[in-house]
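Visitor: According to our numbering, the sequence shown holds residues 202 to 609 in order.
Let me begin by handing over the structure; questions about it come next.
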Amino acid sequence: MTKINENFLKLQAGYLFPEISRRIRTFQAKNPDANIISLGIGDVTQPLAPAIIEAMKKAVIDMGSVANFHGYGPEHGYDFLINAIIENDFKNRGIELDKSEIFISDGTKCDIGNIQEIFGIDNTVAISDPVYPVYVDSNVMAGRTGQANQNGQYDKLIYMPCTAENNFLPDLPDTEVDIIYLCFPNNPTGAVAPKEVLSKWVDFAHKNKAIILFDAAYEAFITDPDIPHSIYEIDGAKEVAIEFRSFSKTAGFTGVRCAFTVVPKQLKAYTKDGRALEVNPLWNRRHCTKFNGTSYISQAGAAATYAPEGKKQTRQIINIYMSNAALIRTSLTKLGYEVYGGVNAPYIWVKTPNGLSSWDFFDRLLTKTRVVGTPGAGFGPAGEGYLRLSAFAKPESVKEAMERFTGV
Ligand code: PGU
202 MTKINENFLK LQAGYLFPEI SRRIRTFQAK NPDANIISLG IGDVTQPLAP
252 AIIEAMKKAV IDMGSVANFH GYGPEHGYDF LINAIIENDF KNRGIELDKS
302 EIFISDGTKC DIGNIQEIFG IDNTVAISDP VYPVYVDSNV MAGRTGQANQ
352 NGQYDKLIYM PCTAENNFLP DLPDTEVDII YLCFPNNPTG AVAPKEVLSK
402 WVDFAHKNKA IILFDAAYEA FITDPDIPHS IYEIDGAKEV AIEFRSFSKT
452 AGFTGVRCAF TVVPKQLKAY TKDGRALEVN PLWNRRHCTK FNGTSYISQA
502 GAAATYAPEG KKQTRQIINI YMSNAALIRT SLTKLGYEVY GGVNAPYIWV
552 KTPNGLSSWD FFDRLLTKTR VVGTPGAGFG PAGEGYLRLS AFAKPESVKE
602 AMERFTGV
């Protein structure tokens, strides 16, 4: 008799984004003529930059010749990409990394979902609330939580509420924790963490012998020059943090797939009898065993984002999304909404009007305006009463969506 992993039965609903798609499909089936605008899932809409297309075309041609064909690549990723990452994303900010500390993958979603596998099941996990739902769900699946209560909070997880009162920056937990998930620029609130906030977390992790899992998938959207792009800009962070980066939003790779994870050599975790061990070889072992590398073509495209033309072109695309964000912010503010984010992040966090629940506001928007957002409650209990709008839509769609908002 095959037993299932009963931890999956603890999961409360379907994964957030397929659930939203299901509701949209139901609505569209009943209203076939409705012209729906999605500001829901954070998925890019602009085509890839020409420099990326050129690099990927060349890589495809390589694959068609005996001399330049590429089969399984190195599990870590190709040196041409790793070296470009080290130079451009880190060295430029005063951070020295070794090639063996970078692991190229096909997405931050998989990496951040998988990383918890190398840590013991009895670790106490602290998670900002609201946040990208993968952190919670992957720990539920692993069995690191108990059941959810009626507020949607899982037993044994430490929730760190991020509210307007604390500027959407989590307070340090008052209990001991072992693993801390931080996401800056934040999905969904759009909040960013200044240096002193990150330093506070790095100190806390040192004191608690804890590890920070730092999701920086949106670092390219930071506009404020004082905001760190990497947690390694903080002294001592290499001893306590793993950082996740993705080309998905930076370079429009949601459909191409390429990302990377940084696991510094200095980072240690502990055996039950208190021996400190390097984490890097554990992740290396896991990565090599369960992953066969990101496609050569994707990595060639990713490397093109670091060449001068690629840099310029991807920046222009990010600017399009950030103009969308600015338009959403100003339009909704004019209409009297309380809005956050959208300045250093591609998400706008909107307080629902008249105390509506997140899902009620989602339904009202969809039926009255045919605009789709993401209910804040889907990102955690503290997201209740908010809706997230994504700036990744086409500019003309965002413009029209904002016109339709006047009719809510
Ligand atoms: N990390 C964060 C914080 C994200 O918001 C997303 C995507 C990812 C990682 C995924 O990165 P990949 O490298 O593309 O795997 N969040 C989107 C898409 C939803 C999803 O399920 O990933 C969003 O709308 O929140």
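Ideal Cβ positions, reconstructed from N, Cα and C, are used throughout, including at glycine.
Keep in mind the model is a prediction, meaning the values are calculated, not measured.
Can you tell me whether Gly391 is helix, strand or coil according to DSSP?
Guide: For the purposes of this step, residue 391 is taken as the residue at position 190 of the sequence shown. Note: Gly391 maps to coil in three-state DSSP.
Visitor: Along the chain, where does the beta strand (DSSP E) that runs through Pro362 open and close?
Guide: If you number the sequence shown from 1, residue 362 lands on position 161. Its beta strand (DSSP E) spans residues 359–362.
Visitor: To which residues does DSSP link Ala442 through a beta bridge?
Guide: Translated into the one-based positions of the sequence shown, residue 442 becomes position 241. Ala442 pairs with Ile413.
Visitor: Threshold first: 4 residues or longer. Then list the alpha helix (DSSP H) segments lying entirely within the region 460–524, N to C.
Guide: Taking 4 residues as the minimum length, the alpha helix (DSSP H) runs contained wholly in the region 460–524 are 481–491, 497–505, in order along the chain.
Visitor: Tell me where the beta strand (DSSP E) around Phe304 begins and ends.
Guide: Here the question's residue 304 lines up with position 103 in the sequence shown. For Phe304, the uninterrupted beta strand (DSSP E) segment begins and ends at 303–306.
Visitor: Quick one: measure Cβ to Cβ for Tyr355 and Pro386, integer angstroms, because I've assumed they're closer than 8 Å.
Guide: Stepping through the sequence shown from its first residue, residue 355 is reached at position 154. Stepping through the sequence shown from its first residue, residue 386 is reached at position 185. Tyr355 to Pro386, Cβ: 25 Å. No contact.
Visitor: Say yes only if the C-beta of Gly494 is nearer than 6 Å to one or more non-hydrogen atoms of ligand 1, and no if none qualify.
Guide: Here residue 494 refers to the residue found at position 293 of the sequence shown. No, ligand 1 has no heavy atom inside 6 Å of this Cβ.
Visitor: Taking Gln396 as the reference, which of Pro374, Leu414, Asp416, Pro426 has the closest Cα?
Guide: For the purposes of this step, residue 396 is identified with residue 195 of the sequence shown, where counting begins at 1. Residue identity differs from the one stated: residue 396 is Lys in this sequence, not Gln. When only C-alpha atoms are compared, the closest one is Pro426.
Visitor: Within 10 angstroms of its Cβ, does Glu539 collect 16 or more other Cβ (buried), or is it exposed?
Guide: Reading the sequence shown from its first residue, position 338 is the one you call residue 539. Exposed, by the Cβ-count rule.
Visitor: Under the criterion of a Cβ to heavy atom distance below 6 Å, does Ala418 qualify as lining ligand 1?
Guide: Within the sequence shown, the letter at position 217 stands for residue 418. Taking non-hydrogen atoms of ligand 1 into account, the C-beta of Ala418 is found less than 6 Å away from one of them.
Visitor: Three-state secondary structure (DSSP) at Val261?
Guide: Along the sequence shown, one-based indexing puts residue 261 at 60. DSSP, read as helix, strand or coil, puts Val261 in helix.
Visitor: Rounded to whole angstroms, what is the Cα-Cα separation between Lys408 and Ala438?
Guide: Along the sequence shown, one-based indexing puts residue 408 at 207. Along the sequence shown, one-based indexing puts residue 438 at 237. For Lys408 and Ala438, the distance between alpha carbons rounds to 12 Å.
Visitor: For the region 225–234 against the region 581–592, are there 3 or more C-beta pairs whose distance is under 8 Å?
Guide: no
Visitor: Between the Cα of Lys450 and the Cα atoms of Thr309, Gly608, Glu297, which residue gives the shortest distance?
Guide: For this step, residue 450 is matched to residue 249 along the sequence shown. For the residues Thr309, Gly608, Glu297, the minimum Cα distance to Lys450 belongs to Thr309.
Visitor: Indicate whether Thr506 and Thr515 have their beta-carbon atoms separated by less than 7 Å.
Guide: Within the sequence shown, the letter at position 305 stands for residue 506. Within the sequence shown, the letter at position 314 stands for residue 515. Yes. Within cutoff.
Visitor: If you drop the 5 nearest sequence neighbours on each side, which residues of the same chain put their C-beta closer than 7 Å to that of Phe209?
Guide: Stepping through the sequence shown from its first residue, residue 209 is reached at position 8. Answer for Phe209: Met342, listed in chain order.
Visitor: Please report how far the alpha carbon of Ile237 lies from the alpha carbon of Asn525, in whole angstroms.
Guide: Counting from 1 along the sequence shown, the entry for residue 237 is found at position 36. Counting from 1 along the sequence shown, the entry for residue 525 is found at position 324. When rounded, the distance between both Cα atoms is 17 Å.
Visitor: Roughly how many angstroms separate the alpha carbons of Ala235 and Thr568, rounded to a whole number?
Guide: Numbered from 1 along the sequence shown, position 34 holds the residue referred to as residue 235. Numbered from 1 along the sequence shown, position 367 holds the residue referred to as residue 568. Cα-Cα distance, rounded: 9 Å.
Visitor: Compare the Cα-Cα distances from Ala592 to each of Ser239, Phe445, Trp484 and report the closest residue.
Guide: Counted from its first residue, the sequence shown places residue 592 at position 391. The candidate whose alpha carbon is nearest that of Ala592 is Ser239.
Visitor: Find out if the Cβ-Cβ distance for the pair Val599, Leu533 is shorter than 7 Å.
Guide: Position 398 of the sequence shown, counted from the first residue, corresponds to residue 599. Position 332 of the sequence shown, counted from the first residue, corresponds to residue 533. No; because the gap between Cβ atoms is not below 7 Å, this pair is not in contact.
Visitor: Does the region 237–256 come close enough to the region 452–461 to have 3 or more Cβ pairs within less than 8 Å?
Guide: yes
Visitor: Please find out if some non-hydrogen atom of ligand 1 comes closer than 6 Å to the beta-carbon of Thr515.
Guide: Numbered from its first residue, the sequence shown carries residue 515 at position 314. No, the beta carbon of Thr515 sits no closer than 6 Å to any heavy atom of ligand 1.
Visitor: Measuring only the C-alpha atoms, how far is Glu434 from Phe415?
Guide: If you number the sequence shown from 1, residue 434 lands on position 233. If you number the sequence shown from 1, residue 415 lands on position 214. Approximately 12 Å between the Cα atoms of the pair.
Visitor: Helix, strand or coil, according to DSSP, for Gly542 in the structure here?
Guide: For this step, residue 542 is matched to residue 341 along the sequence shown. Reduced to three states, the DSSP call for Gly542 is strand.
Visitor: Confirm, please, whether the CB-CB distance from Ile283 to Lys300 is below 7 Å.
Guide: Along the sequence shown, read from residue 1 onward, the residue named residue 300 stands at position 99. Along the sequence shown, read from residue 1 onward, the residue named residue 283 stands at position 82. Closer than 7 Å, so yes.
Visitor: Where does the unbroken beta strand (DSSP E) through Val551 begin, and where does it stop?
Guide: Position 350 of the sequence shown, counting from 1, holds the residue named residue 551. Counting along the chain, the beta strand (DSSP E) containing Val551 begins and ends at 548–552.
Visitor: Nearest to Gly295 by alpha carbon, out of Thr203, Pro429, Arg571, Gly391?
Guide: Taking the sequence shown and counting its residues from 1, one reaches residue 295 at position 94. Residue Pro429 is the option with its Cα nearest to Gly295.
Visitor: So, at 6 Å on beta carbons, what are the nonlocal neighbours of Ala683 in its own chain, with the 5 sequence-adjacent residues on each side left out?
Guide: Outside the shown range of the chain (202 to 609) lies residue 683, about which nothing can therefore be said.
Visitor: Does the Cβ-Cβ distance between Asn324 and Ile381 come in under 7 Å?
Guide: Position 123 of the sequence shown, counted from the first residue, corresponds to residue 324. Position 180 of the sequence shown, counted from the first residue, corresponds to residue 381. Cβ distance not < 7 Å, so Asn324 and Ile381 don't count as in contact.
Visitor: Does the separation of the CB atoms of Val463 and Glu302 fall below 7 Å?
Guide: Here residue 463 refers to the residue found at position 262 of the sequence shown. Here residue 302 refers to the residue found at position 101 of the sequence shown. Cβ distance < 7 Å, so Val463 and Glu302 count as in contact.
Visitor: For Ile328, report the span of its alpha helix (DSSP H) as first-last.
Guide: Here residue 328 is taken as the residue at index 127 of the sequence shown, counted from 1. Careful: Ile328 lies outside any alpha helix (DSSP H), inside the beta strand (DSSP E) at 326–330.
Visitor: For Ser266, which three-state DSSP category applies?
Guide: By one-based count along the sequence shown, residue 266 stands at place 65. If DSSP states are grouped into helix, strand and coil, Ser266 belongs with coil.
Visitor: Can the beta-carbon of Leu383 be found less than 7 Å from the beta-carbon of Ile413?
Guide: Indexing the sequence shown from 1 puts residue 383 at position 182. Indexing the sequence shown from 1 puts residue 413 at position 212. In this structure, Ile413 lies closer than 7 Å to Leu383 by Cβ.
Visitor: Hey, how far is the Cα of Asn206 from the Cα of Thr346?
Guide: Residue mapping note: residue 206 aligns to position 5 of the sequence shown, counting from 1. Residue mapping note: residue 346 aligns to position 145 of the sequence shown, counting from 1. Taking C-alpha positions only, Asn206 is separated from Thr346 by approximately 13 Å.
Visitor: Hey, could you find the ends of the beta strand (DSSP E) Arg589 is sitting in?
Guide: Counting from one through the sequence shown, the residue named residue 589 turns up at place 388. Start and end: 587–591.
Visitor: What separation, rounded to the nearest whole angstrom, lies between the Cα atoms of Ile287 and Ala392?
Guide: By 1-based counting over the sequence shown, the position of residue 287 is 86. By 1-based counting over the sequence shown, the position of residue 392 is 191. If I take the Cα positions, the gap works out to 26 Å.
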